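S.K.: Start counting the sequence shown at 279; every next residue gets the next number (the numbering used here). Handing you this structure, nothing more for now.
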Amino acid sequence: MPEAVRWSPDHRAVHIIDQRALPERHVERDLRTLDEACDAIRTLAVRGAPAIGIAAAMAFAVAMADAGTLSVSGRRRRAAQVSDALRATRPTAVNLAWALDRMLRIADAADAAALGDALVREATAILDEDRAMCRRIGEHALSLFPADARVATHCNAGALATGGIGTALAGIYLAAERGDRVRVFVDETRPLLQGSRLTAWELQRAGIDVVLIADATAPAVMRRGEIDLCVVGADRIAANGDVANKIGTYALAVAARHHGVPFFVAAPSSTFDPATPTGADIVIEQRDADEVRRGFGALTAPPDVAVYNPAFDVTPASLISAIVSDRGVHRPPFDFRAST
Ligand code: MRU
Numbered sequence: 279m280p281e282a283v284r285w286s287p288d289h290r291a292v293h294i295i296d297q298r299a300l301p302e303r304h305v306e307r308d309l310r311t312l313d314e315a316c317d318a319i320r321t322l323a324v325r326g327a328p329a330i331g332i333a334a335a336m337a338f339a340v341a342m343a344d345a346g347t348l349s350v351s352g353r354r355r356r357a358a359q360v361s362d363a364l365r366a367t368r369p370t371a372v373n374l375a376w377a378l379d380r381m382l383r384i385a386d387a388a389d390a391a392a393l394g395d396a397l398v399r400e401a402t403a404i405l406d407e408d409r410a411m412c413r414r415i416g417e418h419a420l421s422l423f424p425a426d427a428r429v430a431t432h433c434n435a436g437a438l439a440t441g442g443i444g445t446a447l448a449g450i451y452l453a454a455e456r457g458d459r460v461r462v463f464v465d466e467t468r469p470l471l472q473g474s475r476l477t478a479w480e481l482q483r484a485g486i487d488v489v490l491i492a493d494a495t496a497p498a499v500m501r502r503g504e505i506d507l508c509v510v511g512a513d514r515i516a517a518n519g520d521v522a523n524k525i526g527t528y529a530l531a532v533a534a535r536h537h538g539v540p541f542f543v544a545a546p547s548s549t550f551d552p553a554t555p556t557g558a559d560i561v562i563e564q565r566d567a568d569e570v571r572r573g574f575g576a577l578t579a580p581p582d583v584a585v586y587n588p589a590f591d592v593t594p595a596s597l598i599s600a601i602v603s604d605r606g607v608h609r610p611p612f613d614f615r616a617s618t
């Protein structure tokens, strides 16, 4: 499995696979400064809700490594600055805020002399916990897979998006591990092509049968009866079960409902947001118009045409057959107000 994010050997940098270069080139980079980490998250060098949370936690530890020498108020100010800068990079994935809140609690409580080590330990725990949650999600998802399942997915919710074997892709990997012949229809995922650049790459590398389709093709494949189920990841799950995920997820869910195909969402506990009542309360990140106008490195639209480019959409809970987390399979009616 590719490791999207890990420590550099000296724990003084966040080591990532630069996902902007895939699949053309496999580039790995160290993020040594706060600016480098913020830029990497903003530009999707590291991406996917859980991976963003892990990278931000590590970047926080790196940026605060020497803050033990500051006064208590100086340390608090520095922690707030670092956390605010990382938090502002991408607003929709709740894992980012969740991970930073954990780091802030440690920064507040640790002894000055122990601060650096305590922060590295907490960021490492966030990574390790995510790896374990991915595995458990996969085990629960398996109960929803028929033998030799034909699955559709959108964007990348695989190893490249997490600290482990992914969320949406976890069940697929475990089904293959138990000997199933799984076939995965992967949406290209316009405009940034996380499906074709990342999911097709990582599944093919793992020896899974992949069929890449343009986003608009999924309903036609469903109509031919060639998809047994859809499974996607999530960036934030509201208390009522509405799910924010990559733009195009909602369209896939609508098509799945029309064709009677079960539509599953897979996510770790860190993606549930009990404080957000419904999908309407989720802030949706808006991205640069040129991601759509110059999508393939060439001008693909009039250079100044108006563009609407939300990075995510909200799939209403009513279209979701089940949400799979590390804690089990949640069926509607969903109520995540308390905990998952
Ligand atoms: O903009 P991205 O590539 O970060 O969007 C990623 C997604 O929408 C994923 O489906 C989601 O973060 C879940 S990743 C396990």
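By construction, the Cβ of each residue, glycine as well, lies at the ideal position given by its N, Cα and C atoms. Note that the structure is a prediction, hence the values are computed from the model and not measured.
Whole angstroms is fine: what's the gap from T495's alpha carbon to Q359's?
M.R.: Walking along the sequence shown from the start, residue 495 turns up at place 217. Walking along the sequence shown from the start, residue 359 turns up at place 81. Approximately 45 Å between the Cα atoms of the pair.
S.K.: How about I330: is its Cβ closer than 8 Å to a heavy atom in ligand 1?
M.R.: As a position in the sequence shown, residue 330 is number 52, starting the count at 1. Under cutoff, so the answer is yes.
S.K.: Which whole-angstrom value is the C-beta distance of I294 and R368, which I expect to be below 8 Å?
M.R.: Working through the sequence shown from its first residue, we reach residue 294 at position 16. Working through the sequence shown from its first residue, we reach residue 368 at position 90. Not really, about 15 Å apart at Cβ, beyond 8 Å.
S.K.: Answer yes or no: do L433 and T467 have a C-beta to C-beta separation smaller than 9 Å?
M.R.: Residue 433 sits at position 155 when you count from the first residue of the sequence shown. Residue 467 sits at position 189 when you count from the first residue of the sequence shown. One point to set straight first is that residue 433 is Cys, not Leu, in the sequence displayed. Cβ atoms of C433 and T467: closer than 9 Å.
S.K.: Look up V491 in the DSSP assignment and give the residues it is bridged to.
M.R.: Walking along the sequence shown from the start, residue 491 turns up at place 213. It is Ile, not Val, that sits at residue 491 in the sequence shown. Looking at the DSSP assignment, I491 forms a beta bridge with D465.
S.K.: So N373 is in the alpha helix (DSSP H); what residue range does that whole segment cover?
M.R.: By 1-based counting over the sequence shown, the position of residue 373 is 95. Per DSSP, N373 belongs to the alpha helix (DSSP H) from 372-387.
S.K.: Which of the three DSSP states is assigned to S599 in this structure?
M.R.: Within the sequence shown, residue 599 is the residue found at index 321, counting from 1. Note: S599 maps to coil in three-state DSSP.
S.K.: Figure out for me which residue from A357, D296, R615, T593 has the closest Cα to the Cα of A329.
M.R.: Within the sequence shown, residue 329 is the residue found at index 51, counting from 1. Answer by Cα proximity: D296.
S.K.: With a CB to CB cut of under 8 Å and the five nearest residues on each side skipped, what residues in its chain are close to R483?
M.R.: Taking the first residue of the sequence shown as 1, we reach residue 483 at position 205. Closer than 8 Å at the Cβ level, and outside the excluded window around R483, lie P280.
S.K.: Could you check whether the Cβ of H432 sits closer than 8 Å to any heavy atom belonging to ligand 1?
M.R.: Along the sequence shown, one-based indexing puts residue 432 at 154. Yes, Cβ of H432 sits closer than 8 Å to a heavy atom of ligand 1.
S.K.: Just verifying my parser: in three-state terms, what is the DSSP assignment at D591?
M.R.: In the sequence shown, residue 591 corresponds to position 313, counting from 1. If DSSP states are grouped into helix, strand and coil, D591 belongs with the strands.
S.K.: What are the start and end residues of each continuous beta strand (DSSP E) run of 3 or more residues lying completely inside the region 495-580, in chain order?
M.R.: Counting only runs of 3 or more, we get 507-510, 514-516, 521-524, 541-544.
S.K.: Within 10 Å of its beta-carbon, does D408 have 16 or more other beta-carbons around it, so buried, or fewer, so exposed?
M.R.: Looking up residue 408 in the sequence shown gives position 130. It is buried - the Cβ of D408 has at least 16 other Cβ atoms within 10 Å.
S.K.: In angstroms, rounded to a whole number, what distance separates the CA positions of L470 and T347?
M.R.: Taking the first residue of the sequence shown as position 1, residue 470 is located at position 192. Taking the first residue of the sequence shown as position 1, residue 347 is located at position 69. Going by the C-alpha atoms only, they are around 43 Å apart.
S.K.: Measuring only from the beta carbon, is L309 closer than 8 Å to any heavy atom that is part of ligand 1?
M.R.: Numbered from 1 along the sequence shown, position 31 holds the residue referred to as residue 309. It does not: the Cβ of L309 is nowhere closer than 8 Å to a heavy atom of ligand 1.
S.K.: Please check the pair Y528 and V592, which I expect to be a contact at CB under 8 Å, by giving their CB distance rounded to whole angstroms.
M.R.: Walking along the sequence shown from the start, residue 528 turns up at place 250. Walking along the sequence shown from the start, residue 592 turns up at place 314. Y528 to V592, Cβ: 7 Å. Contact.
S.K.: From A453 to S548, what distance separates their C-alpha atoms?
M.R.: As a position in the sequence shown, residue 453 is number 175, starting the count at 1. As a position in the sequence shown, residue 548 is number 270, starting the count at 1. A453 and S548: Cα-Cα distance of roughly 24 Å.
S.K.: With a floor of 3 residues, list each beta strand (DSSP E) that falls wholly inside the region 413-483, ordered by position along the chain.
M.R.: Complete beta strand (DSSP E) runs here, min 3: 428-431, 461-465.
S.K.: Per DSSP, what kind of secondary structure is R353 in: helix, strand or coil?
M.R.: Residue mapping note: residue 353 aligns to position 75 of the sequence shown, counting from 1. Of the three classes helix, strand and coil, the one that applies to R353 here is helix, per DSSP.
S.K.: On the premise that F541 lies in contact with L597, defined as a C-beta separation below 8 Å, what is that separation, rounded to the nearest angstrom?
M.R.: Taking the first residue of the sequence shown as 1, we reach residue 597 at position 319. Taking the first residue of the sequence shown as 1, we reach residue 541 at position 263. About 6 Å; that satisfies the 8 Å criterion.
S.K.: Closer than 8 Å is the cut-off here; do at least three beta carbon pairs connect the region 412-420 with the region 443-450?
M.R.: The region 412-420 is in contact with the region 443-450.
S.K.: At the level of alpha carbons, what is the spacing between A345 and R353?
M.R.: In the sequence shown, counting from the first residue as 1, residue 345 sits at position 67. In the sequence shown, counting from the first residue as 1, residue 353 sits at position 75. The straight-line gap from Cα to Cα measures roughly 6 Å.
S.K.: Quick one: give me the first and last residue of the beta strand (DSSP E) that E306 is part of.
M.R.: By 1-based counting over the sequence shown, the position of residue 306 is 28. E306 -> beta strand (DSSP E) spans 306-309.
S.K.: Which residue comes first and which comes last in the beta strand (DSSP E) that contains R284?
M.R.: As a position in the sequence shown, residue 284 is number 6, starting the count at 1. Element bounds for R284: 283-285.
S.K.: Rounded to whole angstroms, what is the Cα-Cα separation between S474 and A430?
M.R.: By one-based count along the sequence shown, residue 474 stands at place 196. By one-based count along the sequence shown, residue 430 stands at place 152. If you take the alpha carbons of S474 and A430, they lie about 13 Å apart.
S.K.: Rounded to whole angstroms, what's the CA-CA distance from V372 to A334? Just pull it up for me.
M.R.: For the purposes of this step, residue 372 is taken as the residue at position 94 of the sequence shown. For the purposes of this step, residue 334 is taken as the residue at position 56 of the sequence shown. Near 12 Å, if we compare the C-alpha coordinates of A334 and V372.
S.K.: Could you check what DSSP says for I486 in three-state terms: helix, strand or coil?
M.R.: Working through the sequence shown from its first residue, we reach residue 486 at position 208. Coil.
S.K.: Assuming G331 contacts W376 (C-beta within less than 8 Å), just tell me the rounded distance between them.
M.R.: In the sequence shown, the residue the question calls residue 331 occupies position 53. In the sequence shown, the residue the question calls residue 376 occupies position 98. Right, their Cβ atoms sit about 6 Å apart.
S.K.: State the start and end residues of the unbroken alpha helix (DSSP H) segment that holds G606.
M.R.: Locating residue 606 in the sequence shown gives position 328, counting from the first residue. It is not in any alpha helix (DSSP H) - G606 instead sits in the beta strand (DSSP E) that spans 606-608.
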